[in-house]
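Taking it in order: structure first as structure tokens, then the write-up.
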Amino acid sequence: MYYMEEYNGFTLYETKEFKLEQPSYMLLGLPDTGLVASISSSYLVDSLKMNEVGGIDSYRYFPPIAVIHNGESKLPIRMFYKGNILVIISELPISPSATYPLAFMLVDYAQKKGVTHIVSPVGLGVPHRMEVEKPATYGLATSKEGEQILSKVGIKGFQEGFIVGPYAVVLKEAKRRKMSNIVIFAEAFIDFPDPAAAVEVLTILTKIFSVEIDLKPLIEKAEEIRLKTRELMMNTKRVLERMKKGYEQQLPLMYVF
Amino acid sequence: MSSRRIRDMIREFEREIEKTIEEIVDSIVGTYEARPLWSKDGSLEPLISVVEKDDKYVITIDLPLANLKTLSITGKYNYIELRCKLKHRVKLSEWPMSRTEFTEYRKIIELPENADVAKFEVKKYAEYSIIEIIVPKRVKP
């Protein structure tokens, strides 16, 4: 164990020493609408052959689960690193009671590691997603540098709406600490996994990170991914409903005027 | 003590109460569903979403890798039963509990008593392997 930190019910472990090159990015792969973040971040980790450098566990918020992968016991939240990118992927949806402490911990950790931009891919549930051929994407940033990046990759700004869940807390906390949080929204199925939305997010992420990955296998395996992620989607939906995720389908008061 | 400090303390107190309530709810209802969506008889349970409208129920069903030509839907009492074969046999992984090969989707959906399940309509979105079953509500005499 290289480094360990306790934070309000969560324990973060670094199992390998690593230093992010600058400018650096921390990509969050927490289960959310359409599993857009989970699918896109897992695919990026696999394509870039990123190194596992640690993870996060919680005896208070997680069930007693050990994830076994390639014959090794893994933590429910895992961290991967390569060059200037750190990816954090959760195998479990984040429960409402865990949302605040985990989001605060992630922003705190990003600050400690000198992360330039926290990047949040968010699924934007649309009721008639089946009638949408190519999911639209939008961006939002809490810093001038983040806004410049979004404008450089040519993504429309997310102007009005609600965000609910861990990404909302990360956004507010990053802004409070004057840290850069870039949020990429992609239209997605509300209740089903949406690899096509993840493809749209990855198209933007690869431009932001200046990396090249082949998205063809993800497009080809989309149906298989949807079939294999049903249980995670079912649990995520259950958690999102408790977080009042339906708010995202509503208009904020400010939009009225 | 400044009013800002008092406001911060109140906010912190409110957050603590909310967190405690959420933890209690978590412990009562449970956050995670341990039920697997597959059976050793080779069937898979699809993800579904049921939305109630003024005059109908709209059931959306995700059927990835399904051969929609084999789709069979029947309505009886207040139940809708769905069966659909997969395009090919599927193995979920190599781990011992899932040595089963899956061949079809199967699901029984219970609707409220006012659902007129004999008059359902089906819309297919073949590109996404998603279907919508529209079940009208019975008109009160």
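Line by line, the protein sequences give chains A and B. According to the numbering used here, the first sequence holds residues 1 to 257 in order. According to the numbering used here, the second sequence holds residues 1 to 141 in order. Just so it is clear, CB atoms sit at the ideal spot from N, CA and C, and this is done for glycine as well.
Just verifying my parser: in three-state terms, what is the DSSP assignment at residue i?
i         : result
B:Phe-120 : coil
A:Pro-195 : helix
A:Met-243 : coil
A:Met-4   : strand
B:Ile-130 : strand
A:Thr-142 : coil
B:Arg-7   : helix
A:Glu-91  : coil
A:Ile-225 : helix
A:Ala-136 : coil
B:Tyr-125 : strand
A:Gly-34  : helix
A:Val-211 : coil
B:Leu-92  : coil
B:Val-180 : Residue 180 of chain B is absent from the model: chain B starts at 1 and stops at 141.
A:Glu-231 : helix
B:Glu-52  : strand
Could you give the first and the last residue of the continuous alpha helix (DSSP H) run that contains residue i?
i         : result
A:Ser-24  : Neither: A:Ser-24 is in no alpha helix (DSSP H) and is coded neither H nor E.
A:Met-79  : That residue, A:Met-79, is in no alpha helix (DSSP H); its beta strand (DSSP E) goes 77-82.
A:Tyr-167 : 166-176
B:Lys-76  : It is not in any alpha helix (DSSP H) - B:Lys-76 instead sits in the beta strand (DSSP E) that spans 72-76.
A:Asp-108 : 96-112
A:Ile-219 : 216-220
At a CB-CB cut-off below 9 Å, which residues of chain A make contact with residue i?
i         : result
B:Tyr-57  : Chain A residues near B:Tyr-57: none, gap ~15 Å exceeds 9 Å.
B:Val-139 : What B:Val-139 touches in chain A: nothing, since even the nearest Cβ is about 26 Å away.
B:Tyr-125 : Met-130, Glu-131
In terms of DSSP beta bridges, what is residue i paired with?
i         : result
B:Arg-106 : B:Arg-83
A:Lys-74  : A:Val-67
A:Phe-10  : A:Tyr-7
A:Gly-157 : A:Gly-139
A:Ile-85  : A:Tyr-25, A:Lys-82
For residue i, count the other beta carbons within 10 Å of its own beta carbon; 16 or more makes it buried, fewer makes it exposed. Which is it?
i         : result
A:Gly-139 : buried
A:Asn-70  : exposed
A:Ala-186 : buried
A:Thr-236 : buried
A:Phe-192 : buried
A:Phe-62  : buried
A:Met-234 : buried
A:Lys-82  : buried
A:Ala-188 : buried
A:Ala-66  : exposed
A:Asn-181 : buried
B:Val-135 : buried
A:Tyr-25  : buried
A:Ser-73  : exposed
A:Pro-101 : buried
A:Phe-209 : buried
Starting from residue i, find everything on chain B with Cβ-Cβ shorter than 9 Å and list it in chain order.
i       : result
A:Met-4 : Chain B residues near A:Met-4: none, gap ~24 Å exceeds 9 Å.
So the beta strand (DSSP E) residue i belongs to, where does it begin and stop?
i         : result
B:Tyr-57  : 56-62
B:Pro-46  : Element bounds for B:Pro-46: n/a, residue is neither H nor E.
A:Gly-54  : 51-57
A:Pro-121 : 117-125
A:Ser-180 : 180-188
In chain B, which residues lie with their C-beta within 7 Å of the C-beta of residue i?
i         : result
A:Leu-171 : Correct list: empty, because the minimum Cβ distance to chain B is about 17 Å.
A:Lys-228 : Leu-92
A:Glu-223 : Pro-64, Leu-65, Ser-129
A:Phe-192 : Leu-47, Asp-62
Which bits of chain A does residue i rub up against, with CB to CB less than 8 Å?
i        : result
B:Pro-36 : Glu-231
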